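Chemist: Start counting at 1 in the sequence shown, then tack on 332, and there's your number in the numbering used here.
I have a structure I would like to understand better, so I am pasting it below and will then ask my questions one at a time.
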Amino acid sequence: MKKSTYILLCVLLPLGLGLLSSDINFTHKKARAKLLSKNYPSDFFFHQRAWPSKSININSYKKAIDEIVIKVKEKNTTLPAQLSWDNEGPGNIGGRINEVLVHPTNSNIIYSGSAAGGIFKTTDGGTSWYPIFDEHAYLAIGELVFDPQNPDIIFVGTGDPNITGYPAIGDGIYKSADAGQTWQHLGLSEVGVISRIAIDTANSNLIYVAAMGLPFEEDTNRGLYKSTDGGQNWQQVLFVDEDAGIIDMIVVPNNTQTIYASSWNRIRNNSESIIYGTDTKIFKSTNGGNTWNILSNGLPTSVMSRIGICMSASDTSLLYAVYVNTNLNIGGLYKTTDAGASWTSLPISNPLSYAYSSFGWYFGQIRISPYNNNELFILGVDLYKSMNGGASWNAVGPNWATNDFYADKHDLVYIDSLTIVCSTDGGLYKSTDGGYNWTDIDNIPNTQFYRVAVDPHNPGCYAGGSQDNGTLYGNINTFYSWDRIFGGDGFQPLFDYNNPNIKYVETQNGALYYKSGIYWQYFGTGINSGDRRSWDMPIIMSSHDPSHLYTGTYRIYKNSNAPTGSWSVISPDLTDGGSSKFHVISCLAESSLDSNILYTGTSDGNVCRSLNGGTSWDDIYSSLPNRYVTSVKASPNFANSVFVSHSGYRDNDFIPHIHKSNDYGNTWTDISGDMPEIAVNDLIILDGYADFVIFAATDGGIYFTDNGGIKWARLCNDMPIVPIYDIEYDQYNQKIIAGSFARSMISVSIDSLLTIVSINEPSEIFKAKTSIYPNPASSYITISGLPKDVEYARIISLKGEVVRSFRADELIANRKISVTELNSGIYSLVIESVSGKTSLNFLVIRDII
């Protein structure tokens, strides 16, 4: 059976950004589906990890994640014990929460399930929250339920039911018997996304699970599952189609043989998007899932999209259903008073008719008050309430644009007849007047960051571009009061390092703005509006002159008089061409040692260079993997050195994800070392350490090497296994600043880490057997007594900088080490083996006769 993966997405506010290019065939064997602007962020990141394949290979991804899980459990002891991560925030600007669970007898106890950031719990009504699921590798949460007989027993379904182009997959169902302190895996790893869980009110061993399957491709793991032994074994009791899973389910509380389930045709990958189809139906079983009937008397029989269903708490014959149509708005609202035997269509008019804002597959939630059968809510971009059983509707709560009650509502739970909790794309809110006024009750750091930047004028302050929440500014000292300095979806912020008044921000699809006074102004003059470009269009500032900026669509642009100047083209098309939005510039770099040296990477696997400031460009990717280029970084230490990172997963492909060149990209060396086969999203090559101290942001956290990539270690094992998309170095505070796409902005102080680069006390036994000669030396040194279990060696200067590094095979094959490139002075040769470490000093003198 197919295994599962994860990964995330939050959402795009409805900004009407148009469709992807028509060269991608989004078709369905039953119906043609739309690809709307809500898909853009997920399409962008899905393409990164799937290119050049149609979809992400689940087996290869899972292998990489499993390897990371093993390493995390081993608790790497080679790193300083005090190394740990801090969450810089924001705590006041939340990310998407899919699920809310309120304790039935103590409303101060609330659980929230994030789209990508795991489970958080509060015991004080939302004043403070803490994570309770971080030791697990799949942190997309689709469902949370209590055991009806014991609220200390919690069941969790992983995976994100809001299936977009880059859906977050789970690994099945979990159970906690101690209110979330510990968890037991109950299987169903192969079902991809769990949308609903129901537990028998009288028999906790009887469990029903609704699953959407693996959204990347057709499979037979979709459907409804049943366990009669508490989750030890599972039986698939409903299968609709290979492209249709079960998105919603109701099990009648006092008659758990009666089940209602709604199906949904949904597939999403690089070549097709199925959003609706002929299999979208409501099914009913009255014998525990042994047989099923399709409910149709008054319900639609045409092609439809997602369906949401709800049932009265006091009258189990009363149900409501809301349908999404092929225009991805509300296409039908229906009521039954006879347990589904017949249905009545309810009127749909403004404001309800546009509640889903043309991306209705993202919603499909309807709720009925347990205290009043005529009180209904429909969750859309805004929240809509009916007090007359669905005959008429009104929008309630502040409009999404005010940010007082964030857009895109995903779950709604009653505490009492007037007190309600609602989850949104921007966190968790509470109403005490039946839904008319709302208060933010979460300080959960689950913002999804694309890009981060260090403010050079305010030490310890950071900016970040985030999904849905725009460009944000703050740090750990302002954890609860970060500023939203610009709207839209935020991407790369920049600071003019000479002028504290000049700042730049970027929104989706490369919209650029700057601020040098009070107001933000547009900054894209000269960039052809028709250029295909990345959702996250790269932009960099020259380290030689802050008025020189570079950006890339499918070609490179330069602004030589920022911020008031216009952009000019300085390259041809550097991609493989075509009309697809996926053939774009994905990353840029300028050498900090020579402003004439420029590099770029593309979404279709190309890497190019210019050695003359952009006048001409050379292809330098012939020996590199054909994968999405996530980062290209010019060495801060040597003008001729450059690094490239890639994403992508293919089964049994063993893709090296990091390469280095010492000759401007003419030849490349794999420096992935022992890093798991995980996608690498960004790199930092630390200045002053001769290219041997490198940090890598990956889909499984941050990795570190101090020997140029021979051996890697995962930083901070107290960090959850979440994707990190961007990292920067705060040199003033010696911190790595990381933008996670699940748990806000995080930081790691590396002052203690860098001490491991310096010389430790040698092993006396090892030292007695090993020597080097000649000493002094001018051209080479030879190692005598090199142990067979040697791992690697480094040459370190008196300043503590690593100037050269050698693998074991290099040392064993040739025990001579050239020192011709070293300046005159004293150096240490540090040799590490399984049996110990030694340090041998030697003197380099130039012009020895």
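From the three backbone atoms N, C-alpha and C, an ideal C-beta is built for every residue, glycine too.
In this text, all values refer to a predicted model and were calculated from it rather than measured experimentally.
1) What did DSSP end up calling E399 once you bin it into helix, strand or coil?
2) Quick check: I495 and R428, are their CB atoms within less than 7 angstroms of each other?
3) Which residues in the same chain have their Cβ closer than 7 angstroms to the Cβ of S948, if we skip the five residues on either side of it in sequence?
4) So who's on the other strand from F975, going by DSSP bridges?
5) Beta carbon of Y506, beta carbon of V488: below 7 angstroms?
6) I need the boundaries of the beta strand (DSSP E) containing M1051, first residue and last residue.
7) Would you call the segment 453-460 in contact with the segment 812-830, where contact means no fewer than 3 C-beta pairs closer than 8 angstroms?
8) Determine the DSSP secondary structure at N1222, reduced to helix, strand or coil.
9) Kindly indicate which three-state DSSP category G609 falls into: helix, strand or coil?
10) Assuming Q567 is part of the beta strand (DSSP E), what are its boundary residues?
11) With DSSP run on the structure shown, which of helix, strand or coil describes T751?
12) According to the neighbour-count rule (16 or more other Cβ atoms, all chains shown, within 10 Å of its Cβ), is F1174 buried or exposed?
13) So, does the CB of A1045 fall closer than 7 angstroms to a CB anywhere in chain D?
14) Exposed or buried, which one is A733 when buried takes at least 16 other CB atoms within 10 Å?
15) For S628 and Y540, what's the separation of their Cα atoms in angstroms?
16) For N1039, which residues of its own chain have a beta-carbon under 7 angstroms away from its beta-carbon, when the five flanking residues on both sides are left out?
17) Can you tell me the Cα-Cα spacing of Y829 and H789, whole angstroms?
18) Which full runs of the beta strand (DSSP E) of 3+ residues lie inside the segment 923-963, going along the chain?
19) For W732, which of helix, strand or coil comes out of DSSP?
20) If we ignore side chains and look at the alpha-carbon of each, how far apart do D950 and A382 end up?
21) Look at the Cβ atom of L538, then the Cβ atom of W624, and state whether they are nearer than 7 angstroms.
22) Measuring only the C-alpha atoms, how far is A363 from H435?
23) Under 8 angstroms: do the segment 985-1004 and the segment 1047-1057 share three or more Cβ pairs, one atom per stretch?
24) If contact is defined by three or more beta carbon pairs under 8 angstroms, each pair taking one atom from either stretch, is the segment 527-534 in contact with the segment 575-588?
25) If I measure Cβ to Cβ from S1184 and keep anything under 7 angstroms in the same chain, skipping five residues before and after, which residues do I get?
26) Residues in the same chain with beta-carbon distance under 7 angstroms from G909, minus the five sequence neighbours each way, listed in chain order, please.
27) Excluding five sequence neighbours on each side, which residues of the same chain lie with their C-beta closer than 6 angstroms to the C-beta of D573?
28) Using the C-alpha atoms, what's the distance from S701 back to I680?
29) So what does DSSP say about A795, is it helix, strand or coil?
30) Using alpha carbons as the reference points, say which of F827, P825 and V786 lies closest to N807.
31) By a C-beta neighbour count over all protein chains shown, 10 Å radius and 16 as the cutoff for buried, is A1028 buried or exposed?
32) To which residues does DSSP link L651 through a beta bridge?
33) Throw me the rounded Cβ distance for the T839 and F823 pair, which I believe falls under 8 angstroms.
34) State the Cα-Cα distance for the pair A971 and H880, rounded to the nearest angstrom.
35) Do V728 and G696 have their C-beta atoms within less than 7 angstroms of each other?
36) Residue range of the beta strand (DSSP E) that Q853 falls in?
Modeler: For this structure:
1) Here residue 399 refers to the residue found at position 67 when the sequence shown is read from its first residue. DSSP, read as helix, strand or coil, puts E399 in helix.
2) Here residue 495 refers to the residue found at position 163 when the sequence shown is read from its first residue. Here residue 428 refers to the residue found at position 96 when the sequence shown is read from its first residue. Not closer than 7 angstroms, so no.
3) Residue mapping note: residue 948 aligns to position 616 of the sequence shown, counting from 1. Only S942 meet the Cβ criterion.
4) Translated into the one-based positions of the sequence shown, residue 975 becomes position 643. K965 and K992, per the DSSP bridge assignment.
5) Here residue 506 refers to the residue found at position 174 when the sequence shown is read from its first residue. Here residue 488 refers to the residue found at position 156 when the sequence shown is read from its first residue. Yes, Cβ-Cβ distance for Y506 and V488 is below 7 angstroms.
6) Here residue 1051 refers to the residue found at position 719 of the sequence shown. Note, M1051: premise wrong, no beta strand (DSSP E); not H, not E.
7) Touching, no.
8) A query on residue 1222 cannot be resolved here, the shown segment of the chain reaching from 333 to 1181 and no further.
9) Locating residue 609 in the sequence shown gives position 277, where the first residue counts as 1. It is a strand residue.
10) Within the sequence shown, residue 567 is the residue found at index 235, counting from 1. Looking at the DSSP string, the run of the beta strand (DSSP E) that includes Q567 is Q567 to L570.
11) As a position in the sequence shown, residue 751 is number 419, starting the count at 1. Of the three classes helix, strand and coil, the one that applies to T751 here is coil, per DSSP.
12) Looking up residue 1174 in the sequence shown gives position 842. Around the beta carbon of F1174, 16 or more other beta carbons sit within 10 angstroms, so the residue counts as buried.
13) No chain D is present in this structure, which holds just one protein chain.
14) Within the sequence shown, the letter at position 401 stands for residue 733. A733 is exposed by the Cβ-count criterion.
15) By one-based count along the sequence shown, residue 628 stands at place 296. By one-based count along the sequence shown, residue 540 stands at place 208. Their backbone Cα atoms lie some 23 angstroms apart in a straight line.
16) The residue you call residue 1039 lines up with position 707 of the sequence shown. Excluding sequence neighbours, N1039 sits near F1024, Y1124, R1126 and S1137.
17) As a position in the sequence shown, residue 829 is number 497, starting the count at 1. As a position in the sequence shown, residue 789 is number 457, starting the count at 1. Near 7 angstroms, if we compare the C-alpha coordinates of H789 and Y829.
18) 930-934 and 939-942
19) Position 400 of the sequence shown, counted from the first residue, corresponds to residue 732. Reduced to three states, the DSSP call for W732 is helix.
20) In the sequence shown, counting from the first residue as 1, residue 950 sits at position 618. In the sequence shown, counting from the first residue as 1, residue 382 sits at position 50. Near 26 angstroms, if we compare the C-alpha coordinates of A382 and D950.
21) Stepping through the sequence shown from its first residue, residue 538 is reached at position 206. Stepping through the sequence shown from its first residue, residue 624 is reached at position 292. In this structure, W624 does not lie closer than 7 angstroms to L538 by Cβ.
22) For the purposes of this step, residue 363 is identified with residue 31 of the sequence shown, where counting begins at 1. For the purposes of this step, residue 435 is identified with residue 103 of the sequence shown, where counting begins at 1. At A363, the pLDDT of 32 sits below 50, so the modelled position is not reliable; the number obtained from the coordinates is stated separately. Cα-Cα distance, rounded: 42 angstroms.
23) no
24) yes
25) An answer regarding residue 1184 cannot be provided, because it is not within the stretch 333 to 1181 covered by the chain.
26) As a working note, residue 909 is residue 577 in the sequence shown. Cβ within range, chain order: H915.
27) Locating residue 573 in the sequence shown gives position 241, where the first residue counts as 1. So the list reads D611, once near-sequence residues are dropped.
28) Here residue 680 corresponds to residue number 348 of the sequence shown, with the count starting at 1. Here residue 701 corresponds to residue number 369 of the sequence shown, with the count starting at 1. Between I680 and S701, the C-alpha separation is close to 20 angstroms.
29) Here residue 795 is taken as the residue at index 463 of the sequence shown, counted from 1. If DSSP states are grouped into helix, strand and coil, A795 belongs with the strands.
30) The sequence position of residue 807 within the sequence shown is 475, counting from 1. N807 has its Cα closest to that of V786, out of F827, P825 and V786.
31) Counted from its first residue, the sequence shown places residue 1028 at position 696. Buried, by the Cβ-count rule.
32) Counting from one through the sequence shown, the residue named residue 651 turns up at place 319. Partner(s): M643 and T668.
33) Here residue 839 corresponds to residue number 507 of the sequence shown, with the count starting at 1. Here residue 823 corresponds to residue number 491 of the sequence shown, with the count starting at 1. Indeed they touch by this definition, with Cβ atoms about 7 angstroms apart.
34) As a first step, residue 971 must be located in the sequence shown, where it is residue number 639. As a first step, residue 880 must be located in the sequence shown, where it is residue number 548. Answer to the nearest angstrom: the Cα atoms are 19 angstroms apart.
35) Taking the sequence shown and counting its residues from 1, the one referred to as residue 728 is at position 396. Taking the sequence shown and counting its residues from 1, the one referred to as residue 696 is at position 364. Contact: no.
36) Working through the sequence shown from its first residue, we reach residue 853 at position 521. Unbroken beta strand (DSSP E) run through Q853: W852 to Y854.
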